[in-house]
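This report concerns only the one structure given below.
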Amino acid sequence: MLESKYQNSTSFFGKTRIILVLLGIIPFLLVVYLFVYEKIDLTEMGALFSALGLFSILTGFSLMRRSADQLVNLSRKTGMVEAGLKSKPVQINADQELEDIAAHFNSIFKKLQETNREISEQSMQLMIYARDLSQSYKKAKEEEELRNMLSRYVGENLIEKLIDSRKGVLFENERKDVTILFADIRSFGMIAERMRAEDLVSMLNQFFSIMVDIIFRNNGLLDKFVGDQLMALFGLIPPESNSPRGAIKAAIEMQDATEGLMEIRSKQDRETFEIGIGINTGAAIVGNVGSKNRMDYTAIGDSVNVAARLEQIAKGGEIIIGEETYGRSQGHFRIQKKGEIKVKNKTEPVMCYKVLR
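The structure is reproduced here in structure tokens:
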């Protein structure tokens with residue numbers, strides 16, 4: 001397309017040159033004709049006028065040709081700029097009109113250069129903005145996935161705290177000192193036989209909702225539900241050092257809340273129950289356990305087995321704790337020594353204590 005424009009412009013200026021040549025040669029040929037065929041005497045004055053005329057014609061032709069060449073150059077430069085090709089400012093030494101045209105062209109050319117530079121800078125800024133936006137979206141998506149995962153184990157009040165403190169990576173596999181709490185409904189099998197399925201499920205959902213709120217309120221982490229049993233972990237969420245006291249405090253609130261709920265159900269002539277709670281503190285392996293299709297964040301180890309055993313010996317309304325839990329919570333609760341118990345896979349008996357309310 002650019003070559004076509006060049007050809008058109010060249011054709012135009014070529015025609016202009018032909019016209020100028022004809023305008024210059026025709027008078028000259030006329031003079032020659034007069035001298036040769038009309039027998040006009042060639043006086044010195046006539047020869048001088050003829051020479052001056054010829055000189056004027058040739059000089060005018062030269063000036064017009066120079067202007068035409070500069071117009072061709074200006075046309076080509078304009079076409080290159082329009083086509084997006086690199087060009088340079090035009091240098092023209094001609095009449096004022098052509099100089100004005102060249103000045104306007106150079107001004108437009110300079111503005112185009114500035115516009116291209118601004119567009120390049122804006123494009124770079126847009127690329128940086130797009131990169132930052134992509135990173136922000138990725139971060140927001142990761143936080144949303146982490147928030148959904150944390151919501152299974154901790155309360156809403158702790159989710160943002162964990163994410164903001166960069167402790168959201170709660171699901172690392174590690175050996176850690178934790179306090180384990182088990183709570184179980186006493187005589188649940190007999191109760192289940194007396195209730196309709198929908199009433200039983202409704203009762204469990206109401207009960208577990210209250211218990212989970214209490215656990216979350218005391219910086220506990222919900223591990224799992226197993227039928228009518230609940231398992232929670234303390235010491236994985238700051239402040240970790242208060243995990244035994246946090247677990248005992250939660251257990252007391254759970255017993256009080258259960259009694260309050262049973263009073264309401266009793267007045268409504270509905271089924272009631274009691275819960276037993278066992279708590280133990282010690283080292284355990286915490287992490288994601290399961291298969292690629294289903295993973296649960298849980299604790300495994302001897303300290304977990306002891307906590308489960310303590311829950312089994314707890315009667316309805318009782319809170320039984322292990323020796324390590326007792327040692328770290330002395331002076332904060334009223335605690336009574338209960339005695340030693342045998343625990344599976346342990347050679348030595350385990351001393352246990354009862355928390356008084």
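Residues in the sequence shown are numbered from 1 upward in steps of one, following this note's numbering. In this text, a Cβ means the ideal position worked out from N, Cα and C, and glycines have one as well. Small disclaimer: the values here were computed from a predicted structure and weren't measured.
Mind checking whether Leu181 and Ile279 have CB atoms under 8 Å apart?
Yes, they are a contact pair.
So for Val355, helix, strand or coil by DSSP?
Val355 falls in the strand class under three-state DSSP.
Could you give the residue range of the alpha helix (DSSP H) that holds Gln255?
243-267 is the span of the alpha helix (DSSP H), which, as asked, contains Gln255.
Let's see if you can read the secondary structure: which residues bound the alpha helix (DSSP H) around Glu323?
Looking at the DSSP string, the run of the alpha helix (DSSP H) that includes Glu323 is 323-329.
Can you check which of these residues, Lys354, Gly301, Gly276, Phe273, is closest to Val334 by C-alpha distance?
Looking at the sequence itself, residue 334 is Arg, so the reference to Val does not match. When only C-alpha atoms are compared, the closest one is Lys354.
Rounded to the nearest angstrom, what separates Gly276 and Ala307 at their Cα positions?
Approximately 12 Å, taken between the alpha carbons.
In the structure shown, what three-state DSSP assignment does Asn288 receive?
It is a strand residue.
Let me know the secondary structure DSSP gives Gly276 once reduced to three states.
Strand at Gly276.
Give the straight-line distance between the Cα atoms of Ile128 and Glu121, rounded to the nearest whole angstrom.
Near 11 Å, if we compare the C-alpha coordinates of Glu121 and Ile128.
Rounded to the nearest angstrom, how far is the Cβ of Asn218 from that of Ala250, given a contact under 8 Å?
Correct: roughly 4 Å between the Cβ atoms.
Look up Thr281 in the DSSP assignment and give the residues it is bridged to.
Beta-bridge pairing links Thr281 to Thr179.
Can you find at least 3 beta carbon pairs, one from the region 249-265 and one from the region 308-319, that sit closer than 8 Å?
Taking 8 Å as the limit for Cβ pairs, the verdict is that the region 308-319 does touch the region 249-265.
May I have the straight-line CA-CA distance separating Ile290 from Val343, to the nearest angstrom?
Going by the sequence as given, residue 290 is Gly instead of Ile. In a straight line, the C-alpha of Gly290 is about 26 Å away from that of Val343.
Go ahead and pull the three-state DSSP assignment for Ile313.
Three-state result, Ile313: helix.
Using CA coordinates, which residue listed in Ser329, Gly331, Arg328, Asn305 is at the minimum distance from Ile341?
Of Ser329, Gly331, Arg328, Asn305, the residue nearest in Cα terms is Asn305.
What would DSSP say about Met231, mapped onto helix, strand or coil?
Note: Met231 maps to strand in three-state DSSP.
The beta strand (DSSP E) that contains Glu340, what's its start and end?
Here the beta strand (DSSP E) through Glu340 covers 334-341.
Quick one: grab the DSSP three-state call for Ile191.
Of the three classes helix, strand and coil, the one that applies to Ile191 here is helix, per DSSP.
Residues bridged to Ala299 by DSSP?
DSSP lists Val286 as partners of Ala299.
Could you tell me which of Met231, Met203, Asp213 sits nearest to Gln268, measuring between CA atoms?
Of the listed residues, the one whose Cα sits closest to Gln268 is Met203.
Can you tell me where the alpha helix (DSSP H) holding Leu200 begins and where it ends?
Segment 197-217, the alpha helix (DSSP H) holding Leu200.
Identify the continuous beta strand (DSSP E) that holds Lys344 and give its terminal residues.
First-last for Lys344: undefined, no H or E at that position.
What does the alpha-carbon distance come out to for the pair Lys167 and Ala247?
Confidence at Lys167 is low in this model, with a pLDDT of 48, below 50, so the placement of that residue should be treated as unreliable; the coordinate-derived value is given next. Rounded to the nearest angstrom, the two C-alpha atoms are 21 Å apart.
CA-CA distance, Gly282 and Met195?
Each residue's Cα considered, the two are about 39 Å apart.
Could you tell me the distance, in whole angstroms, from the CA atom of Asp302 to the CA atom of Glu263?
Approximately 37 Å between the Cα atoms of the pair.
Contact defined as beta carbons within less than 8 Å: I believe Val286 pairs with Val212. What is the distance between those atoms, to the nearest angstrom?
Actually they are not in contact, since the Cβ atoms of Val286 and Val212 sit about 19 Å apart, beyond 8 Å.
Which residues in the same chain as Arg117 place their Cβ atom closer than 7 Å to its Cβ, once the five residues preceding and following it in sequence are excluded?
Closer than 7 Å at Cβ, skipping near neighbours: no residue.
Where does Leu133 fall in DSSP's three states?
Looking at Leu133 - three-state DSSP - the assignment turns out to be helix.
Under a three-way DSSP split, which group does Glu121 fall into?
It is helical.
With a CB to CB cut of under 6 Å and the five nearest residues on each side skipped, what residues in its chain are close to Gly227?
None.
By the three-class DSSP mapping on this structure, what secondary structure does Ile237 have?
The answer is coil: DSSP assigns Ile237 none of H, G, I, E or B.
Could you tell me if Glu324 is buried or exposed, where buried requires 16 or more neighbouring beta carbons within 10 angstroms of its beta carbon?
That one is buried.
Assign Arg309 to one of two classes, buried (16 or more other C-beta atoms within 10 Å of its C-beta) or exposed (fewer than that).
It is buried - the Cβ of Arg309 has at least 16 other Cβ atoms within 10 Å.
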